[in-house]
Amino acid sequence: MDNCIFCKIVKREIPASIVYEDSDLLAFKDINPIDKVHLLIIPKEHIENLFYCKEQHKETLSKMMFLAPKLAKENGLEGFRTMINTGEKGGQEVFHIHFHVYGGSEKLAKI
Ligand code: 5GP
Ligand code: ZN
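Under my numbering, the sequence shown has 87 at position 21, and the numbering climbs by one with no breaks.
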């Protein structure tokens, strides 16, 4: 997708603080963190949101879920919150599916 910020991060057209990469996934620090640690896990493939996930995306989604605790641990978190905003009415601002993984403060932020 030409005008997608996260696709541009995948293609290294805009910078990001990348913490993980494999053939299917990328994870990087949220530019506007709501907690001490705030990471975003995305598939490299452009999928708009959960409404657009199909049977063929099962494995990628599963990999994203398994990556969350691994990255949380690597970033020193003993617990974390995962959030997936879906659609404008679900608080989604960037329309390339992403899992928020955040934590680190005494009181967890909610958005
Ligand atoms: P959403 O509301 O769509 O679930 O969350 C989008 C997230 O992407 C927000 O937390 C926002 O701070 C983050 N974000 C938006 N643009 C950029 C960017 O260019 N780089 C990074 N690293 N994060 C971004
Ligand atoms: Zn995209």
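The beta-carbon is built from N, C-alpha and C at its ideal position, and this holds for glycine as well.
Since this is a predicted model, take the numbers as computed values, not measurements.
Residues that DSSP places opposite E87 in a beta bridge: L92
Of all Cβ atoms in chain D, is any one closer than 8 Å to the Cβ of F132? In summary, chain D is missing from the structure at hand, where a single protein chain is found.
Can you give me the start and stop residues for the alpha helix (DSSP H) that T148 sits inside? Not the alpha helix (DSSP H): T148 falls in the beta strand (DSSP E), residues 147-149.
How many whole angstroms separate the CB atoms of F165 and I107, which I take to be in contact at a CB cut-off of 8 Å? 4 Å
Closest to K155 by C-alpha separation, out of R78, P135, F117, would be which residue? F117
Kindly indicate which three-state DSSP category I108 falls into: helix, strand or coil? strand
Given the structure, does H123 come close to the ligand ZN, in the sense that its CB is under 7 Å from one of the ligand's heavy atoms? no
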